[in-house]
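When we follow full-length UniProt numbering, the leftmost residue of the sequence shown carries the number 1, and every step to the right adds one.
Quick reminder that beta carbons are idealized off the backbone N, C-alpha and C, glycines included.
Please read the structure below before turning to the comments.
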Amino acid sequence: MTEPFRPALFLDRDGVVNVDYGYVSRWERFHYIPGVEAVIQAANDLGWVVVIVTNQSGIARGYFSEADIAALHETLTQDLASRGARIDAIYACPYLPGCGSLLYDRDSEDRKPKPGMLLRAARDLNLDLARSHMIGDQARDMQAAAAAGVTGHFFPGGNLWDFAVAHIADFRSRDCPAARRHIPPRRLPETGSSAQVAQQRPDLSSLR
């Protein structure tokens with residue numbers, strides 16, 4: 001019997017799940033963005049599939065290996081699971097046009113702003129892209145979401161839970177256990193709350 005198509009929450013990694021220090025490949029340098037655990041828990045509560053889609057050009061540049069990133073993502077998945085936040089899949093694109101690597105110098109459909117990772121996840125996981133959302137912190141994340149028919153939300157920094165509640169209506173539902181845990185009674189978040197907590201960060205968009 002074919003599984004029903006489900007909505008997904010797509011998350012960029014660096015700058016959305018973890019603080020973007022540039023080419024993070026080791027667990028000791030991996031620090032969560034505030035509120036990410038609650039966002040993932042809310043998506044889990046709603047029955048959504050949670051997928052991380054990330055460009056990792058540090059592989060093509062020779063800074064670390066695919067095995068390094070796979071090990072980091074395994075630790076990430078296990079750590080979040082121990083906190084009650086389930087990641088269903090992680091897609092990482094190692095390719096970078098013009099890098100000169102025999103293995104990784106290619107214009108891959110998986111590299112954002114192209115939508116390949118989202119489309120592949122939709123096939124692999126039976127996703128309803130029209131009902132799905134993506135949170136990213138770069139223009140290429142929004143472009144990839146739009147190309148895949150996914151609603152994109154540009155995260156300027158700050159607390160990811162405050163941002164998600166302000167922009168994704170399902171997360172404000174009292175039927176969502178995570179919302180009941182994290183939203184104060186009789187108080188709905190203001191739409192502009194994410195801008196108020198935005199943090200200035202170095203522009204690392206050219207690195208990934």
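N-terminal and C-terminal residue of the alpha helix (DSSP H) that residue i is part of
i	result
Ile90	Note, Ile90: premise wrong, no alpha helix (DSSP H); beta strand (DSSP E) at Ala89 to Cys93.
Val165	Leu160 to His167
Arg180	Pro177 to His182
Helix, strand or coil at residue i according to DSSP, with G and I counted as helix
i	result
His31	coil
Arg6	strand
Asp128	coil
Ile52	strand
Asp141	helix
Gly116	helix
Arg111	coil
Arg172	helix
Residue i burial status per 10 Å Cβ neighbour count (16 or more: buried)
i	result
Ser132	buried
Glu54	According to the sequence shown, residue 54 is Thr rather than Glu. Answer is buried; the Cβ neighbour count reaches 16.
Gly22	exposed
Arg111	buried
Ala130	exposed
Trp27	exposed
Asp170	buried
Residue range of the unbroken beta strand (DSSP E) whose run includes residue i
i	result
Gly136	His133 to Gly136
Ile40	Element bounds for Ile40: not the beta strand (DSSP E) but the alpha helix (DSSP H), Val36 to Asp45.
Residue i versus the options, residue with shortest Cα-Cα distance
i	options	result
Tyr104	Leu46, Pro113, Lys112 and Cys93	Cys93
Asp153	Pro4, Leu11 and Phe5	Going by the sequence as given, residue 153 is His instead of Asp. Of the listed residues, the one whose Cα sits closest to His153 is Leu11.
Gly149	Ser108, Val165, Leu119 and Pro4	Leu119
Gln138	Arg13, Leu76, His73 and His167	Arg13
Opposing strand residues paired with residue i [DSSP bridges]
i	result
Leu80	In the DSSP output, where bridge partners are listed per residue, Leu80 has none listed.
Gly152	Met134
Leu14	The question names Leu, yet the displayed sequence has Asp at residue 14. According to DSSP, Asp14 bridges with Asn18.
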